[in-house]
Amino acid sequence: DGQVIGAFLFIYGVARFFLEFIRDDPGRGTVFGGVMSGTQLIAIGMVLAGGFIWWLRPGAKHMTPQPVGAAR
């Protein structure tokens with residue numbers, strides 16, 4: 286239903302974005318005048334895509350609580 290891939294993209298993107306601050310590779314390249322690395326830009330895209338997939342998953346907007354019955 287998109288739950289796993291959406292959650293993965295979101296969580297991995299957040300983790301990758303912050304881990305890129307720790308990395309100190311001289312040749313990894315920067316964008317926007319050195320504000321962030323290209324990998325951080327990709328990570329932002331992953332977070333947005335994961336959130337979008339999670340939001341679009343079937344049944345996300347029409348979930349109704351099911352009554353719990355005592356009958357077996």
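Heads up, the sequence shown is in the working numbering, so the first residue is 286 and it goes up one at a time. We put the beta carbon where it would ideally sit given N, CA and C, even for glycine.
When the Cα atoms are used, VAL299 and ILE329 turn out to be separated by approximately 8 Å. Sequence-distant Cβ neighbours of ARG301 in its own chain, meaning closer than 6 Å and more than five residues away, are ALA328.
By the C-beta criterion, the region 290-298 is judged to be in contact with the region 335-344, since at least 3 inter-stretch pairs fall below 8 Å.
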